[in-house]
Amino acid sequence: MNNLRQEHRAACHCGSVRFKVRLTDEFNTVRRCSCSYCRMRGAIAVSAQLSDIAFVEGEDNLTLYQFNTGTAKHYFCKNCGIYTHHQRRSNPSQFGVNVACIDGVSPFDFHEVLVMDGISHPSDATGGPKVAEFLRFSPAE
């Protein structure tokens, strides 16, 4: 784990899965995805390199869900069902971490959240990848 960035503590709802994480650019990478799965899950994620997450306890209490191409790996606590993180399809060298699992952070803390166009994922484009478009979502005031 890289020591230069702030270390955040995180856990699932029941506390059986606990981990430490250093984010790639703190909360500047906050985003949602519009793919069929993320749309139903509704979580807000931030980015971390694979090497920047360390499980304190309960890693064996995680379960994995994959769909479509099977590239993205979505992890959940087996007890409480909370999504903790996923290995990103658009950048498999990174995890997306559920901001709601990070101590002292709420998804309602963010006034604007980028929404990545996961429906038109660059990996699905014919003729080579294209840049994903972003939409802005602002909660009602």
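Quick note on numbering: the sequence shown equals residues 1 to 141 in full-length UniProt numbering. Where is the CB? At the ideal position from N, CA and C, for every residue including glycine. These numbers were taken from a predicted model, which means no experiment stands behind them.
Residue i, buried or exposed, once every other Cβ within 10 Å from all chains shown has been counted against 16
i, result
"Arg-89", "buried"
"Tyr-75", "buried"
"Ala-10", "buried"
"Leu-23", "buried"
"Gly-81", "exposed"
"Ala-140", "Reliability fails at Ala-140, whose pLDDT of 48 lies under 50, so the model's placement of it is uncertain and no value is given."
"Gly-70", "exposed"
Any C-beta of chain C under 8 angstroms from that of residue i
i, result
"Ser-36", "Among the protein chains of the structure shown there is no chain C, as only one such chain exists."
Beta-carbon proximity check, residue i vs residue j, cutoff 8 angstroms
i, j, result
"Ala-100", "Gln-87", "no"
"Ser-34", "Ile-119", "yes"
"Phe-55", "Phe-19", "yes"
"Leu-50", "Ser-93", "yes"
"Cys-77", "Asn-61", "yes"
"Asn-68", "Cys-14", "no"
Nearest candidate by alpha-carbon position, reference residue i, set the options
i, options, result
"Ala-43", "Arg-18, Thr-84 and Cys-77", "Thr-84"
"Asp-25", "Phe-108, His-111, Asp-117 and Ser-47", "Ser-47"
"Glu-7", "Glu-59, Phe-67 and Asp-52", "Asp-52"
Presumed contact (8 angstroms Cβ cut-off) between residue i and residue j, rounded CB distance
i, j, result
"Val-105", "Val-21", "About 11 angstroms; that fails the 8 angstroms criterion."
"Met-116", "Arg-5", "The pair is not a contact, with the Cβ atoms about 23 angstroms apart (cut-off 8 angstroms)."
Exercise. Give, in chain order, every unbroken run of the alpha helix (DSSP H) that is at least 4 residues long and sits entirely within the UniProt domain "CENP-V/GFA" (8-124).
Key: 36-41
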